[in-house]
Structures are given as C-alpha cells and as structure tokens.
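To keep things clear, I will list the structure first and then write my remarks on it.
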Amino acid sequence: MSSVRNVTFNFRDGKATSVAVQQGESVLDAALAAGIPVIHQCRSGSCSSCMAKLVEGRAGMRAGASSTLLRSEYDAGDRLLCLTEAETDCTFALNYASDAGATQAVQAHAFVDSVDKVATNVVRLRLELAEGAWLDFKPGQFIQVRVPGTNVTRSYSPASTASDLPKIELLIRVLEDGVMSKWLELDAKPDDVLEIEGPFGSFFLREKVPAPHIMVAGGTGLAPILSMIDSLRRQPGRKPPILLSFGCATPEQLFCLDDLELRKQWLPNLTTRISVDHHASGDLLAGNPVDAIRDADVTHENAVAYLCGPPRMIEAATTKLVTLGLRPENIYAEQFAPSN
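Per my numbering: the sequence shown = residues 9 to 348.
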C-alpha cells in the first residue's frame with residue numbers, strides 16, 4: 009500500500025489544487041511546501057487559523073496532539089490542518105477564496121497612543137504604526153503583539169479597520185496574573201514601542217454579500233465585529249441589514265455601548281441587542297447573546313453569520329442558527345484561544 013496520499017483543496021471561489029502528502033506529514037506542511045495558500049499561523053493547534061472541512065476520505069489528528077477544536081466540530085468534519093494526517097486520499101473545503109492567504113504576515117513597530125480602561129475587565133489600547141511601517145489586514149483578522157520585556161506574544165483582532173491605518177485599536181480583556189494585563193495596568197504609557205506582526209487568521213469579512221448579516225459577540229469578541237461593521241459602513245452602495253447580538257457577564261463588563269449607538273446613527277440597517285448574564289435592567293436583555301437570537305432573525309436563504317467569543321458560545325450559536333435555517337457554510341467563527 010502506498011504511503012503517499014493525494015489531498016485536494018477546494019477553495020470558496022471554485023478553484024482546486026492537489027498535493028501529495030507523505031505518511032506522517034501534516035496536511036498543512038505538505039500544502040505550504042507546495043506553495044498552496046492555506047491560511048495558518050501557530051502551526052500547533054492553538055489558533056484555529058488553518059481549519060478546513062473534510063468532505064471526502066479519511067484524515068485524523070496526529071497521535072498525542074491536542075487542539076482547540078470542539079468534539080462536535082471534529083465529528084462534523086472540521087480539521088486543523090497543522091495537526092491532521094491523511095489516512096486515505098481526501099478532499100478538504102476551505103471557506104475562503106484562493107487568494108485570501110496570499111497576504112504575507114509582516115513585522116512592524118507601533119507606538120502606544122493611549123491606554124484606557126473601558127470596563128471592569130477591558131482595556132482599549134490605541135496604537136500608531138511607526139513611520140515607514142505598514143501592516144494591512146482584513147476586518148476580523150488578528151495581529152500578534154509582543155509583551156515588552158518578554159518573549160511572550162498575544163493575539164488580538166483590531167477593532168479598527170485597514171482604512172484607519174496607521175492607527176490601530178485593540179480591545180483587550182484584563183486577566184488576573186496575565187502577562188499582557190500586568191504590563192497594561194502597571195507599565196504601559198504613551199510612546200512605548202511595541203513589536204507587532206500580522207495579519208493572521210481565516211476569520212474575516214466576506215465582501216459584497218448583500219444578504220442579511222447576523223453577528224454574535226461575547227466579551228472582547230466584539231472587537232473584530234466592530235471592524236466588520238465599520239467596513240460594511242464604508243463600502244459603496246446599498247448596505248445589508250445587520251443584527252448584532254453582544255453580551256457580557258454583568259453590566260459592569262459591558263463596553264463600547266456609545267460606539268454602537270453612534271454606528272446605529274451611521275447605519276440605519278444596524279440593529280443591536282445587548283445582554284448580560286446577571287443583573288439585567290433597563291434595555292439590557294437577560295441571558296447570553298445566543299439567547300437573544302430569535303426565530304424570526306433568519307429569514308433569508310443566503311444570510312451570513314459571524315461569531316466571535318468563547319467556545320461554548322460559538323457552539324451554541326452555530327447550533328441555534330443552523331436549526332433556524334442558516335446554511336452551515338455561511339457561518340464564520342473565531343473562538344477565543346486560552347493564553348498560556
């Protein structure tokens with residue numbers, strides 16, 4: 009029996025390409041060696057950037073590996089290509105166009121503009137790229153930031169857009185004993201220099217989709233969603249209806265509510281639902297952002313959804329939206345990966 013498997017990649021734009029994968033070789037390594045533009049980043053199973061759908065054949069996770077995939081996602085055919093070995097000839101579907109992975113990550117320096125606490129556990133960090141530096145990104149993608157004085161990097165999705173460059177805005181959850189959190193609270197100040205790299209990730213706004221957009225955000229998962237909303241606002245022509253369901257644990261943890269109200273003035277087609285798990289009052293809904301999704305929200309056969317937040321929220325939102333009639337291939341998600 010041959011130890012070489014033929015693996016085919018089907019891109020969202022209809023293009024397909026194949027590569028020979030050796031026994032024991034990861035599908036991602038084989039693809040990159042052949043110049044196939046598969047989006048990736050960590051190559052260790054922690055970021056989910058290289059996720060693809062197994063649609064034909066058998067391919068499993070290499071022995072001893074661990075990943076951020078939920079069991080339900082794995083059972084549905086999702087695979088992290090950096091940890092996947094082909095057991096037979098097989099085919100993977102990639103939920104992006106063949107040119108989406110063509111943008112190479114670059115390293116750059118950025119100055120701190122401001123550091124502001126916008127909720128009990130969220131800091132807004134505003135940066136400006138150093139003169140001569142450039143770092144392009146699609147709305148929803150993330151960058152890596154090195155914590156000053158360490159070799160530790162953290163991944164954050166800008167709340168700003170590429171149109172705002174050289175300015176970059178990040179929304180960062182403050183974690184007890186977090187390396188970045190300690191720097192932000194104790195040492196960060198204007199004009200500090202940060203090393204950043206990007207862009208990374210396959211979670212980004214798909215352009216020119218006129219159908220309704222459903223966006224579900226938990227906590228700082230709002231950041232890439234804000235970038236997407238602003239990008240939609242700036243696109244020429246008619247804007248699609250947008251529903252944003254955003255939630256946190258308590259009212260004290262909510263943030264950017266004034267920013268959302270301003271965007272509703274700019275975008276009459278934008279509807280927001282804000283929820284908290286505990287102590288809801290006034291206009292706040294009780295429960296999580298998935299609870300706020302209603303049966304009548306999925307009315308268009310080509311509606312798309314963007315989800316960003318903790319794994320359980322992603323799983324619950326995906327299940328609910330599919331049950332309501334949304335096509336699984338029209339759901340794009342980015343789940344939080346734990347900081348090590």
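Where is the CB? At the ideal position from N, CA and C, for every residue including glycine. Bear in mind the structure is a predicted one, so any value in this text is a computation, not a measurement.
Gly157 versus Pro218 - alpha carbon distance: If I take the Cα positions, the gap works out to 46 Å.
Segments assigned alpha helix (DSSP H), at least 4 residues, entirely inside the region 10-67: If only uninterrupted alpha helix (DSSP H) runs of at least 4 residues are considered, those enclosed by the region 10-67 are 35-41.
Which of helix, strand or coil DSSP assigns to Pro207: Here Pro207 sits in strand by DSSP.
Status (buried if at least 16 other CB within 10 Å, exposed otherwise) for Glu193: Glu193 is exposed by the Cβ-count criterion.
Other residues of its chain near Leu78: CB distance less than 7 Å, five sequence neighbours each side excluded: Shown here for Leu78: same chain residues with a beta carbon closer than 7 Å to its own, the five before and five after excluded, namely Pro319 and Glu323 in chain order.
Gly255, buried or exposed, once every other Cβ within 10 Å from all chains shown has been counted against 16: Flag for Gly255 reads buried.
Identified DSSP bridge partners for Gln152: Answer is Ser163 and Glu205.
Proximity below 7 Å, CB of Gly53 to CB of Ala28: Contact flag unset, no.
Chain C within 7 Å of Cys55, Cβ atoms only: Given the protein chain composition of this structure (a single chain), no chain C is represented.
First and last residue of the uninterrupted alpha helix (DSSP H) at Glu323: Segment Pro319 to Thr331, the alpha helix (DSSP H) holding Glu323.
C-alpha gap between Leu6 and Arg281, whole angstroms: Given a span of 9 to 348 for the chain in the structure shown, any question on residue 6 remains unanswerable.
Proximity of Lys61 and Gly85 at Cβ, strictly below 7 Å: Going by C-beta atoms, Lys61 is nearer than 7 Å to Gly85.
Close Cβ partners of Val12 (< 8 Å) along its chain, the five nearest in sequence each way excluded: A distance below 8 Å between beta-carbons, with the five flanking residues on each side excluded, links Val12 to the following residues of its chain, in chain order: Ala28, Val29, Gln30 and Gln31.
Local Cβ density within 10 Å of Lys146, reported as buried at 16 or more and exposed below that: When all chains shown are included, Lys146 counts as buried.
Within the region 236-264, ranges of the beta strand (DSSP E) (whole runs, at least 3 residues): As for any beta strand (DSSP E) of minimum length 3 sitting wholly inside the region 236-264, the runs are 250-256, ordered along the chain.
Same chain, Cβ closer than 8 Å to Leu329, neighbours up to 5 away in sequence not counted: Counting only Cβ-Cβ distances below 8 Å, and skipping sequence neighbours, we find Ile222, Ile301, Val306, Ala313 and Ile339.
Asn348, DSSP secondary structure in three states: Caution is warranted here: a pLDDT of 47 is assigned to Asn348, below 50, making its placement in the model unreliable, and no coordinate value can be reported.
Beta carbon of Gly65 nearer than 7 Å to that of Thr111: No.
Chain-order list of residues whose beta-carbon lies under 6 Å from that of Phe263 (same chain, five-residue window excluded): So the list reads Val126, Ala127 and Val130, once near-sequence residues are dropped.
Minimum length 4: unbroken alpha helix (DSSP H) runs contained in the region 260-318: The region 260-318 is shown to contain whole alpha helix (DSSP H) runs of 4 or more residues at 265-274, in chain order.
Ser122 - containing beta strand (DSSP E), residue span: Note, Ser122: beta strand (DSSP E), Val114 to Ala127.
Reduced DSSP category for Glu8 - H, G, I as helix; E, B as strand; rest coil: With the chain represented from 9 up to 348, any question about residue 8 goes unanswered, as that position is not in the structure.
Cα-Cα separation between Leu270 and Ala101, rounded to whole angstroms: Cα to Cα, Leu270 sits roughly 38 Å from Ala101.
Separation of Ala170 from His308, as counted between CA atoms: Straight-line Cα distance between these residues: approximately 30 Å.
Contact under 7 Å by Cβ, Pro220 with Ala141: Pro220 is not a Cβ neighbour of Ala141, given a cutoff of 7 Å.
Proximal residues to Ala257 (C-beta, below 7 Å), its chain only, five neighbours per side dropped: Closer than 7 Å at the Cβ level, and outside the excluded window around Ala257, lie Val284, Asp285 and His286.
Cross-strand partners of Tyr340 (DSSP beta bridge): Bridge pairing for Tyr340: Tyr314 [DSSP].
For Glu139, the three-state DSSP class (helix, strand or coil): Glu139: coil per DSSP, three-state reduction.
Span of the alpha helix (DSSP H), counted from its first residue to its last, around Arg79: Note, Arg79: alpha helix (DSSP H), Arg79 to Asp83.
Cβ contact (3+ pairs, closer than 8 Å) linking the region 178-194 and the region 153-168: The region 178-194 vs the region 153-168: in contact.
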